[in-house]
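Data block below; observations after.
There are 2 protein chains.
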Amino acid sequence: MRLTTKGRYAVTAMLDLALHADKGPISLAGISKRQEISLSYLEQLFSKLRQNDLVSSVRGPGGGYRLSRPSEDIYVAQIVDAVNESIDATNCGGSGSCRNGATCLTHHLWCDLSEQIHDFLSGISLASLVARKDIQEVSERLDKEEALQQAEANSMQRITAASLG
Amino acid sequence: MRLTTKGRYAVTAMLDLALHADKGPISLAGISKRQEISLSYLEQLFSKLRQNDLVSSVRGPGGGYRLSRPSEDIYVAQIVDAVNESIDATNCGGSGSCRNGATCLTHHLWCDLSEQIHDFLSGISLASLVARKDIQEVSERLDKEEALQQAEANSMQRITAASLG
DNA sequence: TATATACCCTAGCATTCTACTCAGGTTTAA
DNA sequence: TTAAACCTGAGTAGAATGCTAGGGTATATA
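Chains R and W, in that order, give the protein sequences. In this text, residue positions in the first sequence follow my numbering: the first is 1134, and each later residue adds one. In this text, residue positions in the second sequence follow my numbering: the first is 1134, and each later residue adds one.
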């Protein structure tokens, strides 16, 4: 079983999408700045998210990504599944051929654990995360940071333009 | 978070120990045969299990490993913790410094998941696994396989001895 | 129609981890 | 004395991660 930065990034990016769902298509460049995730890496993750029909894209200027359905209907387990191959805790992919074609001693234990984790993550929708107070606070902090950086970039541009003109 | 063959092997080996607890110290060579785990690899895992005071060793012929306390008091979570560094699902080790020193958007979610998994594995003792019917059946199968292989090896030895004499 | 924005795709790469082998020890029962 | 067993450290092939580089292609806007 794997739950690494890859899956965490995917969920974080999807949550960013859900939090800004009212602002039209969201560009990966924006997510990259707010969540501090490499743009190229995001592109690779979103390729898989799109293949799994979790997001839809709009190309061209002003384009970006949108959730392919309401955030109530997207669950964390689906996102992790889309980028990691699975959240299966067994070695045999649940088939029971973990020791020489037959089941190993602890096969049933890992099956139980897989079910436990899957049930837990399947019960958490993006909408329920958006509704959480602690997450809203973090989101506001990140939005402010981005606005601040944008303002700085703009003033830099004005100075450069002025000195050139 | 990592739950790979490493942690699974450790739990399997510890369960083998618990299942044969009445037979005195159990050699790694025996576990290696029954569970089909490389002997050298087992030695490395048991080094960690011993450091974490989950097993005690008896050196010399007839030696092997014993559980350091009753199987009722050894939990799967402790075993996985001993060989993997942790079953923590966050990126920051729970400290909350996952995005530039502050918490990332999904920090709280991974904390919840870690707690969930830890609670689950902390509730499962070796004794409770030994008591399971499905595990007893697998164990009997593996013991029979080993006895059969042993008998074959013995008869081979007799033939070799006879042809030499 | 030109241009810039943004998505899309493939290849490669440093690093880390896994699972394992090898080659040596040391302890101790018989 | 011998051999069974534990103990230790070094090394290694292969896979995965997280990321960079360098190209595309679609499309809104001027």
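We put the beta carbon where it would ideally sit given N, CA and C, even for glycine. Keep in mind that this is a model prediction, so the values were computed, not measured.
Quick check: the Cα distance between Gly1298 (chain W) and Pro1194 (chain W), rounded to an integer number of angstroms?
With a pLDDT of only 49 at Gly1298 (chain W), under the threshold of 50, the placement of this residue in the model should not be trusted, and no figure is reported.
Amino acids of chain W, ordered along the chain, whose beta-carbon sits closer than 8 Å to that of Val1216 (chain R):
The premise fails here: Val1216 (chain R) is roughly 14 Å from chain W at the closest Cβ pair, so nothing lies under 8 Å.
Residues of chain W with CB under 7 Å from Asn1224 (chain R), in chain order?
Thr1138, Arg1141
Within 8 Å of any Cβ in chain R, is that where the Cβ of Gln1249 (chain W) sits?
yes
Can you find a C-beta in chain R that's less than 8 Å from the C-beta of Gln1282 (chain W)?
no
First through last residue of the alpha helix (DSSP H) which encompasses Tyr1142 (chain R):
1138 to 1152
Check whether chain R comes within 8 Å of Ser1228 (chain W), counting only Cβ atoms and requiring the distance to be less than that.
no
Using the C-alpha atoms, what's the distance from Asp1221 (chain W) back to Ala1210 (chain W)?
11 Å
When you compare each of R:Ile1257, R:Cys1231, R:Asp1252 to Thr1239 (chain W) by their alpha carbons, which one comes out closest?
R:Ile1257
Closest Cβ-Cβ distance between His1153 (chain R) and chain W: below 8 Å?
no
Can the beta-carbon of Arg1167 (chain W) be found closer than 8 Å to that of Glu1279 (chain W)?
yes
Are any of the Cβ atoms in chain R nearer than 8 Å to that of Leu1172 (chain W)?
no
Three-state class that DSSP yields for Arg1232 (chain R) in the structure shown
strand
Looking only at its chain, what residues have a beta carbon closer than 7 Å to the beta carbon of Gly1140 (chain W), apart from the 5 residues adjacent to it on each side?
Val1213, Val1216, Asn1217
Suppose only complete runs of 3+ residues qualify. What are the beta strand (DSSP E) ranges in the region 1170 to 1217 of chain W, listed by chain order?
1188 to 1191, 1197 to 1200
Using a beta-carbon distance below 8 Å, is Asp1206 (chain R) in contact with chain W?
no
Near-chain W residues of the region 1259 to 1279 of chain R (beta-carbon distance less than 8 Å), N- to C-terminal order
Leu1262, Arg1265, Asp1267, Ile1268, Val1271, Ser1272, Arg1274, Leu1275
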